[in-house]
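Everything below concerns the one structure shown next.
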């Protein structure tokens, strides 16, 4: 059974119930800091076409894009309804340009649907693909990673192992799941737990290490000793 988290505000859309009752997903509804639906390291934003037009007009869409892409390595925006929406009010070019910016500048995949049931089906399929990726990261590598020099890849593995004090297998699984060190460090603790070989205990230790603000001994005093 797929485990999906849904933001509390999505209950009125009926999609969490569709996911649970019609599509057999396990849905936990709670307030989410970012995203409307999350599964592993995937975040899904769902907006009606009219809501998206309004959020583009007042700038909220780009602020949300910055926050969600800083927390999750894979982000999908579902645009539900008539395209382009009447709310564009003659500004269709600006609306489409904003969608292009979300895709190219933020790396967000923009997918259209017509009705809530379509959106629920798409969310369930995306969640399944995400969990397949987590279960077998080596077979679902982003092809862009193959173009990185081996030296850079080895350096990322070395830094990940040294920083968290873990072995090469766990470090490789983390980087396969999150792609970059930035995405790894910015991810929520719950997402780390889903990575093979990590689990709750190591995820908690990783979070404590990243959040540690204990003052360091000044260099002059240390050398004097």
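In our numbering, the protein residues as written are 1320 to 1544.
Beta carbons are placed, not taken as given, at the ideal position from N, Cα and C, and that holds for glycine.
Quick caveat, the model's predicted, so the values are computed rather than measured.
Once DSSP output is grouped into helix, strand and coil, what is the label at residue 1533? Three-state result, residue 1533: coil.
Span of the beta strand (DSSP E), counted from its first residue to its last, around residue 1431: Residue 1431 -> beta strand (DSSP E) spans 1428–1432.
Can you grab the Cα-Cα spacing for the pair residue 1500 / residue 1476, in whole Å? Going by C-alpha positions, residue 1500 is about 9 Å away from residue 1476.
Measure the C-alpha to C-alpha separation of residue 1510 and residue 1321 and round it to an integer number of angstroms. Rounded to the nearest whole angstrom, the CA to CA distance from residue 1510 to residue 1321 is 15 Å.
Residue 1509, DSSP secondary structure in three states: In the three-state scheme derived from DSSP, where H, G and I count as helix and E and B as strand, residue 1509 is classed as helix.
So, is residue 1428 buried or exposed, given that buried needs 16 or more other C-beta atoms within 10 angstroms? Looking at its Cβ environment, which holds fewer than 16 other Cβ atoms inside 10 Å, residue 1428 is exposed.
Counting beta carbon pairs with one atom in the stretch 1358–1369 and one in the stretch 1399–1415, are three or more of them shorter than 8 Å? As far as the Cβ criterion goes, the stretch 1399–1415 touches the stretch 1358–1369, which means the pair count is three or higher.
Quick test of your reading: residue 1399 and residue 1432, contact by CB under 8 Å. State the CB separation rounded to the nearest angstrom. Confirmed, about 5 Å.
Inside the stretch 1364–1412 only - alpha helix (DSSP H) runs reaching at least 4 residues: Qualifying alpha helix (DSSP H) stretches, in chain order: 1368–1376 and 1379–1390.
Can you give me the Cβ contacts of residue 1349 inside the same chain, cut-off strictly under 7 Å, excluding the 5 residues immediately before and after it? The answer, listed in chain order, is 1324 and 1327.
For residue 1452 and residue 1517, the rounded distance between their alpha carbons: Linking residue 1517 to residue 1452 through their CA atoms gives a straight-line distance of about 16 Å.
Of the listed residues 1388, 1515, 1491 and 1410, nearest to residue 1362 (C-alpha basis): Ranking 1388, 1515, 1491 and 1410 by CA distance to the CA of residue 1362 puts 1388 first.
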